[in-house]
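Read the structure below first, then the notes.
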Amino acid sequence: MDEMNLDDLKRSEEQKREAHWDPAERWRVLQATITWAESQATVRRNTRQRCLELQAAKLKQENP
Amino acid sequence: MNVAGGRGSGSVMNVDHILKTLNAHQVAYLLIGGMNFLVRHAPLLTYDVDVWIEDAPENLRRCERALGELQAEWGASDDDWGPVADKPAGWLRQPLFCLTSPHGSIDVFRSVKGLGSWAASRAKAYAGETAGGVAFVGLSDADMLESQMALPEGERNQQRIRVLKKALRQAEDGRDEP
Numbered sequence: 142m143d144e145m146n147l148d149d150l151k152r153s154e155e156q157k158r159e160a161h162w163d164p165a166e167r168w169r170v171l172q173a174t175i176t177w178a179e180s181q182a183t184v185r186r187n188t189r190q191r192c193l194e195l196q197a198a199k200l201k202q203e204n205p
Numbered sequence: 373m374n375v376a377g378g379r380g381s382g383s384v385m386n387v388d389h390i391l392k393t394l395n396a397h398q399v400a401y402l403l404i405g406g407m408n409f410l411v412r413h414a415p416l417l418t419y420d421v422d423v424w425i426e427d428a429p430e431n432l433r434r435c436e437r438a439l440g441e442l443q444a445e446w447g448a449s450d451d452d453w454g455p456v457a458d459k460p461a462g463w464l465r466q467p468l469f470c471l472t473s474p475h476g477s478i479d480v481f482r483s484v485k486g487l488g489s490w491a492a493s494r495a496k497a498y499a500g501e502t503a504g505g506v507a508f509v510g511l512s513d514a515d516m517l518e519s520q521m522a523l524p525e526g527e528r529n530q531q532r533i534r535v536l537k538k539a540l541r542q543a544e545d546g547r548d549e550p
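Just so you know, the protein sequences line up as chains A and B, in that order.
Residues in the first sequence are numbered consecutively from 142, following our numbering.
Residues in the second sequence are numbered consecutively from 373, following our numbering.
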C-alpha cells in the first residue's frame, strides 16, 4: 500500500469510528482521558505549584 | 489474562489501563502520536492512544487478544462493526485501525509513514512510566520528528515540531559538553 493510500485509509477509518461512538459513552471517555492527562507530569495544571507559576506569568503579562 | 480496571474511573485510569493491558499481553508496541508527546514533553489536546506494533504474526495475535480484553470495537465496514473479541483470529490485517473502547479511542498502526522498520525505531525508543506508574515504551524524539515531517505540510503540528527540535538540540548540546 503506497503513502497516499495510507492517508486515505486513516481518514476513512477515523470517519467510520466517529459514526460508531455512542455520544454519551464518548463524553464519559473524553472526561476520563482529560483526567488522566491532567495527572501526567508534563501537564499538572491543578497543583499549588503550577497555579502559582501560572499566576506569576499572568501577573507579569498584566504588569510588565 | 485479565487486567483489573473497568470502565472509566476504576482503580486504573483509562490510558493506563490500555497500556497495562498491552503490557500484560506482551504486545511489542511503541507509544506514538499525541499521547507519547504529552507524557514526554508538554500538554497537548489529544484523545487517542496511538500504538505502532511490531508486524510479526505472533505479536499480531497478542495484540488481538489485548484489544479483545479492552472491549475494543472495530469493523471492516459499518455493517461489520462490533466487539473485536467476537472476530475470528487474524482480523488485524490492514495497515492501520481506528477502534473504540470503553477506555478511549485506540489507533493501531502496523507501519508508520516516514519511519523505516519497527525494530530500528524500537532500538532508539525510550522507556517511560505514566504518573500512575504504568511502564511503556515510547517513540524517540528523533522518530517523532521524522513522522511529523512525513505528514502533508498542512497536517503537521508546528508546536510539536518546535518542541521536538528544541529537545533534540538540547540533547545534542548536552552530549557536546565535556
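Each residue gets a CB set at the ideal place from its N, CA and C atoms; glycine is no exception.
Using beta carbons (cut-off 8 Å, strictly below), is residue 435 of chain B in contact with chain A?
The residue given as residue 435 of chain B occupies position 63 in the second sequence. Taking Cβ atoms only, chain A never reaches closer than 8 Å to residue 435 of chain B, which makes this a no.
Distance, Cα to Cα, residue 439 of chain B vs residue 412 of chain B?
As a working note, residue 439 of chain B is residue 67 in the second sequence. As a working note, residue 412 of chain B is residue 40 in the second sequence. Cα-Cα distance, rounded: 25 Å.
Alpha-carbon spacing of residue 407 of chain B relative to residue 459 of chain B, whole angstroms
In the second sequence, counting from the first residue as 1, residue 407 of chain B sits at position 35. In the second sequence, counting from the first residue as 1, residue 459 of chain B sits at position 87. Looking at the two C-alpha atoms, the distance is approximately 28 Å.
Can you tell me the Cα-Cα spacing of residue 482 of chain B and residue 400 of chain B, whole angstroms?
Numbered from 1 along the second sequence, position 110 holds the residue referred to as residue 482 of chain B. Numbered from 1 along the second sequence, position 28 holds the residue referred to as residue 400 of chain B. Looking at the two C-alpha atoms, the distance is approximately 11 Å.
Residue 507 of chain B and residue 501 of chain B closer than 8 Å at C-beta
Counting from one through the second sequence, the residue named residue 507 of chain B turns up at place 135. Counting from one through the second sequence, the residue named residue 501 of chain B turns up at place 129. Contact: yes.
In terms of alpha-carbon separation, which member of B/443, B/418, B/462, B/447 lies closest to residue 429 of chain B?
Translated into positions along the second sequence, residue 429 of chain B becomes position 57. Closest option to residue 429 of chain B, Cα to Cα, is B/462.
Local conformation of residue 426 of chain B per DSSP, three classes
The residue given as residue 426 of chain B occupies position 54 in the second sequence. Coil at residue 426 of chain B, not helix or strand.
Please report the Cβ distance between residue 422 of chain B and residue 405 of chain B, rounded to the nearest whole angstrom; I am assuming they are in contact, meaning their Cβ atoms lie under 8 Å.
Translated into the one-based positions of the second sequence, residue 422 of chain B becomes position 50. Translated into the one-based positions of the second sequence, residue 405 of chain B becomes position 33. The Cβ separation is near 3 Å, so the contact holds.
Listed by chain order, chain A residues near residue 616 of chain B by CB distance under 9 Å
Look at the range of chain B in this structure, 373 to 550, and you will see that residue 616 of chain B is not part of it.
Would you verify that the beta carbon of residue 391 of chain B is, or is not, closer than 8 Å to some beta carbon of chain A?
If you number the second sequence from 1, residue 391 of chain B lands on position 19. Chain A contact via Cβ: absent.
Closer than 8 Å, CB to CB, is residue 279 of chain A near chain B or not?
Any question about residue 279 of chain A goes unanswered here, given that chain A covers just 142 to 205.
Are there 16 or more other CB atoms within 10 angstroms of the CB of residue 146 of chain A, so buried, or fewer, so exposed?
By one-based count along the first sequence, residue 146 of chain A stands at place 5. Result: exposed.
If you follow the beta strand (DSSP E) that residue 483 of chain B is in, where does it begin and where does it stop?
Here residue 483 of chain B is taken as the residue at index 111 of the second sequence, counted from 1. Run containing residue 483 of chain B: none; DSSP gives neither H nor E here.
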